[in-house]
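K.L.:
Protein chains in written order, with our numbering: chain A, 3 to 505; chain B, 41 to 352.
Dropping a structure here in structure tokens format, bear with me for questions.
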């Protein structure tokens, strides 16, 4: 249920779901930690201490995705033999290493690692990058059918790739996790996922657990073949609670009724599965190789790009612009896991995943891109939906006064100067008139942009519409730290009374 | 007559017979006459009423909507819905005026009335917050999207000076008649935006206008063969400064005016003079007027026209 809703919330370009559904994203663990939502954390901790990893089987969208994949893989169509899982030992060293690495990287200024493997954010990226375009394509097919009959219930939407990098990352995540789910069930949750590791640790102490009644169990192993977490050791009558995700598939599989999900009183504590000291070298190697490639390739690309542009660097933005509510590039870096929810929900489609603009650590974090649109003055959707408060919620009045960047104008390439014709497209789009048209000296009837960066909000209307190419005559330079813009002087309210027509 | 000539004659007659009478032809054939005096009226200017009341009065002075909209017509009403602004801020055409025009079209027997604009702000917000979508739908019109290139088709503008072709919205291409309903506003680029500038809402690529000479391109696009059967200038509230959006209520003046004419240059000239009473604006600063006159789209010499001036 949560899975369907949260997935649809990401897909939903037409804003059919009310905005309050962003609550679904807020109950996700990593956003809650980053956003400092103590109540949600407390709730999740109590939930886990009572019932174990319920989170992993019903709240986490990535968990449910894996269940769907393994359910499909068990269909007759795909496997002649009946699919069985086997007990395997816990890869504790790997799990805790990944968790430690994630935390260290996070505090060292590389939240990208957390963003990459946080299940909620990874799922958000998969939906935003891969499924949303398909959903929109479907809409466009319906639109063309309905419109041809004169029905305008549907409208066309433009499908664009957000960013190649983010797309590739999303696809790799999708297929890698999907592959392991197909073959081995919840491998991702129990080896990589940092949320799984933390909740698994808590689950050891939970009140309700799957318990095996040794007096009834004949070690037939039927339950273990059903366990997608591979955590039931039927020979020793033990369950590894750090890995059990509360799917309850084992309960019905037992012909002796030896299994029960119950609070512990009588039973001795199940011995923890022995820590496996042999780390899976291949997996680790794969991870490191993947990570190195992911970092090295774009870095090289960005360097080339920068070199190529130095000739006209004065027309190029130096600092990326972070969305309203981000407070500063630093705050964004420290709180954002690149779940892409703001990117998906932005009605003006001006938020794109960053490549190297924020540096290595900020890859795929949201940044403003004014090529195809600009930030609507009266809109606060991105900061409203952000689950980790990387974008702090803004009221409409606060948004109006927030300066995310400052306008920069280059008269030498402006068409009014170069062609001697009227334009004014930039001023037309400026909500605060930080860009306004003033008489162009020596040219009767011509007006030229005049900028007042202090009252600019950085919405990018001017940059979006400027017709000059390849470099635009007007663009927004990002504020690394967002500022308050100055108030503009309102025109004197005149009570003009007009009696005549004037002609 | 030899066989070849005979066949040729047949072919030409056949071709001629297939030509459909279009709205443009009807308009060319008719002259507007004042019902009382019998003298043709070139323009009606109304002041002092609500937008819908002023339009009712104006259209009856012109002989009723039936003169322009025939039974079974597919009609487009094209307001300015460019900005995410409430009606009080006058960034867009007054919704009351739009709904009254839609109603009159249906009363005249229109089969279908379509309303759209290529907006500048997010189109969904503009349609909603301008109040126009709701008002037009309530009057029975279809409100169609215009935010995607695929809704537009390429047309050539053989008489254009700079702009030789452009992409125009399908709804305009398909209609039998369209009514141009701009709002009078200050404009940082074109100095004023009225009926001619409102054409920029039926085209897809507007950057090229700005890049290759805004005032000429505005006149050029107005040479498109299917002209509006009426230009209705909404001057109920006008943005006097910081146009075309305006940034606060203090940019807006309530002037309660409405100008209607088939002559697009004349009605814009009149509106410019009207605006000039609020804030000085020389006619030659609104460069597309003279450019339009040069292209024979109409006349700036409105003294010579028969203008019906009405105060309510």
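For every residue, glycine included, the Cβ atom is placed at its ideal position computed from N, Cα and C.
#1: Using C-beta distances below 7 Å, list every residue in its chain close to residue 143/B, excluding the 5 sequence neighbours before and after it, in chain order.
#2: What is the DSSP secondary structure of residue 138/B, reduced to helix, strand or coil?
#3: Where DSSP assigns a beta bridge to residue 192/B, which residues make up the other side?
#4: List the residues of chain A whose Cβ lies closer than 9 Å to the Cβ of residue 160/B, in chain order.
#5: Residues in the same chain with beta-carbon distance under 7 Å from residue 411/A, minus the five sequence neighbours each way, listed in chain order, please.
#6: Distance cutoff 8 Å, beta carbons only. Does residue 188/B sit that close to anything in chain A?
#7: Can you pull the DSSP bridge partners for residue 275/B?
#8: Which residues in chain B have a C-beta closer than 7 Å to the C-beta of residue 425/A? List them in chain order.
#9: Run through chain B and tell me which residues come within less than 8 Å of residue 349/A, C-beta to C-beta.
#10: In the segment 149 to 195 of chain A, which residue ranges form an unbroken alpha helix (DSSP H) of at least 4 residues, counting only runs that do not cross its ends?
#11: How many angstroms separate the CA atom of residue 104/B from the CA atom of residue 18/A?
#12: List the residues of chain A whose Cβ lies closer than 9 Å to the Cβ of residue 235/B, in chain order.
#13: Against chain A, with Cβ distances strictly below 8 Å, would residue 314/B count as a contact?
#14: Measure from the alpha carbon of residue 187/A to the alpha carbon of each residue in 71/A, 60/A and 326/A, then state which is nearest.
#15: Residues of chain B with CB under 7 Å from residue 400/A, in chain order?
#16: Between residue 288/B and residue 403/A, what straight-line distance do the alpha-carbon atoms span, to the nearest angstrom?
#17: Could you check what DSSP says for residue 140/A in three-state terms: helix, strand or coil?
#18: Express the C-alpha separation of residue 81/B and residue 344/B in angstroms, rounding to a whole number.
#19: Quick one: does residue 476/A have its CB under 8 Å from some CB of chain B?
#20: Note down the Cα distance separating residue 189/B from residue 240/B, rounded to an integer number of angstroms.
#21: Let's see if you can read the secondary structure: which residues bound the alpha helix (DSSP H) around residue 431/A?
#22: I'd like to know if residue 502/A contacts chain B, where contact means its C-beta is closer than 8 Å to some C-beta of that chain.
#23: Does any C-beta atom of chain A lie closer than 8 Å to the C-beta of residue 209/B?
#24: Determine the burial state of residue 65/B: buried for a count of at least 16 other Cβ atoms within 10 Å of its Cβ, exposed for fewer.
#25: Give me the residue from 332/A, 142/A, 264/A and 224/A with the minimum Cα distance to residue 53/A.
#26: For residue 18/A, does the three-state DSSP call read helix, strand or coil?
#27: Does any residue of chain A have a CB that is nearer than 8 Å to the CB of residue 354/B?
#28: Kindly indicate the opening and closing residues of the alpha helix (DSSP H) around residue 33/A.
#29: Applying a beta-carbon distance threshold of less than 8 Å, which residues of chain D neighbour residue 439/A?
#30: My output table needs one value for residue 98/B: the three-state DSSP class, helix, strand or coil.
#31: Quick check on the burial criterion: 16 or more other C-beta atoms within 10 angstroms. Buried or exposed for residue 205/A?
#32: Just how far apart, CA to CA, sit residue 183/B and residue 155/B?
#33: Counting only the same chain and skipping the five closest in sequence on each side, list residues whose C-beta sits under 6 Å from that of residue 179/A.
#34: Could you check what DSSP says for residue 405/A in three-state terms: helix, strand or coil?
#35: What residues from chain B crowd round residue 417/A, counting only those whose CB sits closer than 8 Å?
#36: Looking at chain A, is there any beta carbon in it that lies within less than 8 Å of the beta carbon of residue 85/B?
P.N.:
According to the data block:
#1: As a working mapping, residue 143/B is identified with position 103 in the second chain. Within the same chain, residue 143/B has close Cβ partners 179.
#2: The count along the second chain starts at 1 and reaches residue 138/B at position 98. In this structure, residue 138/B counts as helix in the three-state DSSP scheme.
#3: As a first step, residue 192/B is located in the second chain; it is residue number 152 there, counting from the start. Looking at the DSSP assignment, residue 192/B forms a beta bridge with 209/B.
#4: Taking the first residue of the second chain as 1, we reach residue 160/B at position 120. Result: 430, 431, 463 and 467.
#5: As a working mapping, residue 411/A is identified with position 409 in the first chain. The answer, listed in chain order, is 451, 453, 475 and 476.
#6: If you number the second chain from 1, residue 188/B lands on position 148. Cβ-Cβ to chain A under 8 Å: yes for residue 188/B.
#7: Locating residue 275/B in the second chain gives position 235, counting from the first residue. According to DSSP, which records beta bridges pairwise, residue 275/B is partnered with 297/B.
#8: As a first step, residue 425/A must be located in the first chain, where it is residue number 423. In chain order: 229, 250 and 254.
#9: Position 347 of the first chain, counted from the first residue, corresponds to residue 349/A. Per Cβ cutoff of 8 Å: 162, 164 and 165.
#10: 166 to 186 and 189 to 193
#11: Taking the second chain and counting its residues from 1, the one referred to as residue 104/B is at position 64. Taking the first chain and counting its residues from 1, the one referred to as residue 18/A is at position 16. When rounded, the distance between both Cα atoms is 42 Å.
#12: As a position in the second chain, residue 235/B is number 195, starting the count at 1. Chain A residues near residue 235/B: none, gap ~15 Å exceeds 9 Å.
#13: In the second chain, the residue the question calls residue 314/B occupies position 274. Yes - at least one Cβ of chain A is within 8 Å of the one on residue 314/B.
#14: Locating residue 187/A in the first chain gives position 185, where the first residue counts as 1. When only C-alpha atoms are compared, the closest one is 71/A.
#15: The residue labelled residue 400/A in the question sits at position 398 within the first chain. What residue 400/A touches in chain B: nothing, since even the nearest Cβ is about 17 Å away.
#16: Here the question's residue 288/B lines up with position 248 in the second chain. Here the question's residue 403/A lines up with position 401 in the first chain. Approximately 14 Å between the Cα atoms of the pair.
#17: Counting from 1 along the first chain, the entry for residue 140/A is found at position 138. Helix, per DSSP.
#18: By one-based count along the second chain, residue 344/B stands at place 304. By one-based count along the second chain, residue 81/B stands at place 41. Near 12 Å, if we compare the C-alpha coordinates of residue 81/B and residue 344/B.
#19: Taking the first residue of the first chain as position 1, residue 476/A is located at position 474. It does not; no Cβ of chain B falls within 8 Å.
#20: On the second chain, position 149 is the one that residue 189/B refers to. On the second chain, position 200 is the one that residue 240/B refers to. Distance between the alpha carbons of residue 189/B and residue 240/B: 14 Å.
#21: Residue mapping note: residue 431/A aligns to position 429 of the first chain, counting from 1. From DSSP, the alpha helix (DSSP H) with residue 431/A extends over 427 to 431.
#22: Reading the first chain from its first residue, position 500 is the one you call residue 502/A. Yes, because at least one Cβ of chain B sits closer than 8 Å to the Cβ of residue 502/A.
#23: Mapped onto the second chain, residue 209/B falls at position 169. Residue 209/B does not count as touching chain A.
#24: Translated into positions along the second chain, residue 65/B becomes position 25. With a pLDDT of 48 at residue 65/B, under the threshold of 50, the modelled position of that residue is not reliable, and no figure is offered here.
#25: On the first chain, residue 53/A is found 51 positions in, with the first residue counted as 1. Nearest of 332/A, 142/A, 264/A and 224/A to residue 53/A, Cα basis: 264/A.
#26: Counting from 1 along the first chain, the entry for residue 18/A is found at position 16. Residue 18/A: coil per DSSP, three-state reduction.
#27: Because chain B in this structure spans residues 41 to 352, residue 354/B falls outside the shown range and cannot be described.
#28: Numbered from its first residue, the first chain carries residue 33/A at position 31. Its alpha helix (DSSP H) spans residues 31 to 37.
#29: Considering every chain present, this structure includes no chain D. Its protein chains are A and B.
#30: The residue you call residue 98/B lines up with position 58 of the second chain. Residue 98/B: helix per DSSP, three-state reduction.
#31: The residue labelled residue 205/A in the question sits at position 203 within the first chain. So residue 205/A ends up on the buried side.
#32: The residue labelled residue 183/B in the question sits at position 143 within the second chain. The residue labelled residue 155/B in the question sits at position 115 within the second chain. Their Cα atoms are separated by approximately 5 Å.
#33: Here residue 179/A corresponds to residue number 177 of the first chain, with the count starting at 1. Excluding positions up to five away in sequence, the list reads 190.
#34: Stepping through the first chain from its first residue, residue 405/A is reached at position 403. The answer is strand: DSSP assigns residue 405/A an E or B state.
#35: Locating residue 417/A in the first chain gives position 415, counting from the first residue. Per Cβ cutoff of 8 Å: 250 and 251.
#36: The residue labelled residue 85/B in the question sits at position 45 within the second chain. Yes, residue 85/B lies at the interface with chain A (some Cβ there is under 8 Å from its Cβ).
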